[in-house]
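Visitor: Numbering (UniProt numbering), first residue to last: 1 to 231.
Even glycine gets a Cβ: it sits at the ideal position worked out from N, Cα and C.
These numbers come from a predicted model, not from an experiment.
#1: In chain order, what are the residue ranges of uninterrupted alpha helix (DSSP H) at least 4 long that sit wholly in the stretch 27 to 108?
#2: Do the CB positions of residue 223 and residue 182 come within less than 9 Å of each other?
#3: For residue 27 and residue 40, which I take to be in contact (beta-carbon distance under 8 Å), what is that distance rounded to the nearest angstrom?
#4: Using a Cβ distance threshold of 8 Å, determine whether the stretch 127 to 139 contacts the stretch 79 to 99, with at least three qualifying pairs required.
#5: Please report the straight-line C-alpha distance between residue 65 and residue 173, rounded to a whole angstrom.
#6: Is the beta carbon of residue 24 closer than 9 Å to that of residue 294?
#7: Relative to the alpha-carbon of residue 187, which residue among 221, 167, 193, 14 has its alpha-carbon at the smallest distance?
#8: Would you tell me roughly how many angstroms separate the C-alpha atoms of residue 69 and residue 164, rounded to the nearest one?
#9: At 3 residues or longer, and completely inside the stretch 109 to 173: list those beta strand (DSSP E) runs for me, N to C.
#10: DSSP state of residue 15, grouped into three classes?
#11: Round the Cβ separation of residue 151 and residue 114 to the nearest angstrom and send it over; I've been treating them as touching at under 8 Å.
#12: From residue 197 to residue 143, what does the alpha carbon distance come to, in whole angstroms?
#13: Whose C-alpha, out of 169, 14, 139, 29, is nearest the C-alpha of residue 53?
#14: Taking all protein chains shown into account, decide if residue 125 is buried (16 or more other Cβ within 10 angstroms of its Cβ) or exposed.
#15: Where do the ends of the beta strand (DSSP E) carrying residue 193 lie?
#16: Bridge partners for residue 207 per DSSP, in chain order?
#17: Residue range of the beta strand (DSSP E) that residue 238 falls in?
#18: Say whether the stretch 190 to 206 touches the stretch 74 to 81, bearing in mind that this needs 3 or more beta-carbon pairs closer than 8 Å, one atom from each stretch.
#19: If we ignore side chains and look at the alpha-carbon of each, how far apart do residue 149 and residue 123 end up?
#20: Taking buried to mean at least 16 other C-beta atoms within 10 Å of its own C-beta, is residue 81 buried or exposed?
#21: Go ahead and label residue 17 buried or exposed: buried means 16 or more other beta carbons lie within 10 angstroms of its beta carbon, across all protein chains shown.
#22: Comparing alpha-carbon positions, which option in 7, 63, 50, 231 lies nearest residue 83?
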């Protein structure tokens with residue numbers, strides 16, 4: 001039941017979390033990975049101290065039916081919650097488009113969630129063999145890239161994005177990752193330079209400095225019809 005959806009927080013209005021849409025973001029509580037640079041560590045535990053009751057979420061959305069275009073289910077990792085599809089259905093019945101932010105932690109659950117989404121922002125953590133260094137969970141690379149295959153086969157509109165902390169990512173590995181995405185047929189790719197003001201791993205350097213790397217970004221622009229660098 002969607003009434004059991006655990007929402008750890010929300011952003012009432014955003015123009016950047018669902019391209020071209022005025023959206024509200026719901027941050028679903030809970031994540032099975034422990035990404036070292038995670039800037040929402042309060043969303044990792046299965047229960048949070050600032051959860052918003054689902055009935056309050058619906059009441060808010062009812063007041064915004066003529067003002068917002070879409071609702072984005074973000075996280076945490078929304079696809080870990082059994083109530084996600086029911087919540088998506090309720091929100092769609094109110095007239096909103098449905099966005100999903102996910103890393104595809106459990107490929108079967110992610111594939112099911114795709115049936116309820118109009119657009120997906122998909123987190124490609126790293127090359128499959130490099131993912132565990134970021135997530136600290138064995139097998140995360142296999143799961144992440146299997147879910148990517150589900151996404152590309154689904155026909156659902158999407159953006160792939162990779163968050164980069166230069167302490168965890170060599171520029172050469174990032175380019176190899178981009179080339180592999182290109183081979184898979186990815187059309188839209190974004191690199192997001194990490195926000196270091198709050199990270200799950202306190203031992204990570206608070207500065208993720210790297211040269212401007214204009215040649216790297218130029219090479220990436222040549223690989224994708226749509227490429228964007230954020231941060």
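Guide: In terms of the structure at hand:
#1: 54 to 63, 84 to 93
#2: Numbered from its first residue, the chain shown carries residue 223 at position 223. Numbered from its first residue, the chain shown carries residue 182 at position 182. Yes. Within cutoff.
#3: Locating residue 27 in the chain shown gives position 27, where the first residue counts as 1. Locating residue 40 in the chain shown gives position 40, where the first residue counts as 1. Contact flag correct, Cβ pair sits at about 7 Å.
#4: no
#5: For the purposes of this step, residue 65 is taken as the residue at position 65 of the chain shown. For the purposes of this step, residue 173 is taken as the residue at position 173 of the chain shown. Cα-Cα distance, rounded: 44 Å.
#6: With the chain covering 1 to 231 only, the question about residue 294 has no answer from this structure.
#7: As a working mapping, residue 187 is identified with position 187 in the chain shown. Comparing Cα positions, the closest option is 221.
#8: The residue labelled residue 69 in the question sits at position 69 within the chain shown. The residue labelled residue 164 in the question sits at position 164 within the chain shown. About 30 Å.
#9: 119 to 123, 157 to 164
#10: Along the chain shown, one-based indexing puts residue 15 at 15. If DSSP states are grouped into helix, strand and coil, residue 15 belongs with coil.
#11: Here residue 151 corresponds to residue number 151 of the chain shown, with the count starting at 1. Here residue 114 corresponds to residue number 114 of the chain shown, with the count starting at 1. Correct: roughly 7 Å between the Cβ atoms.
#12: Residue 197 sits at position 197 when you count from the first residue of the chain shown. Residue 143 sits at position 143 when you count from the first residue of the chain shown. Distance between the alpha carbons of residue 197 and residue 143 is about 29 Å.
#13: Residue mapping note: residue 53 aligns to position 53 of the chain shown, counting from 1. Cα-wise, what sits closest to residue 53 is 29.
#14: Locating residue 125 in the chain shown gives position 125, where the first residue counts as 1. It counts as buried.
#15: As a working mapping, residue 193 is identified with position 193 in the chain shown. Unbroken beta strand (DSSP E) run through residue 193: 188 to 193.
#16: As a working mapping, residue 207 is identified with position 207 in the chain shown. According to DSSP, which records beta bridges pairwise, residue 207 is partnered with nothing at all.
#17: Outside the shown range of the chain, which is 1 to 231, sits residue 238, and nothing can be said about it.
#18: no
#19: Here residue 149 refers to the residue found at position 149 of the chain shown. Here residue 123 refers to the residue found at position 123 of the chain shown. Roughly 13 Å separates the two Cα atoms.
#20: The residue given as residue 81 occupies position 81 in the chain shown. Residue 81 is buried by the Cβ-count criterion.
#21: For the purposes of this step, residue 17 is identified with residue 17 of the chain shown, where counting begins at 1. Classification of residue 17: buried, given that the 10 Å Cβ count is 16 or more.
#22: Locating residue 83 in the chain shown gives position 83, counting from the first residue. Of 7, 63, 50, 231, the residue nearest in Cα terms is 7.
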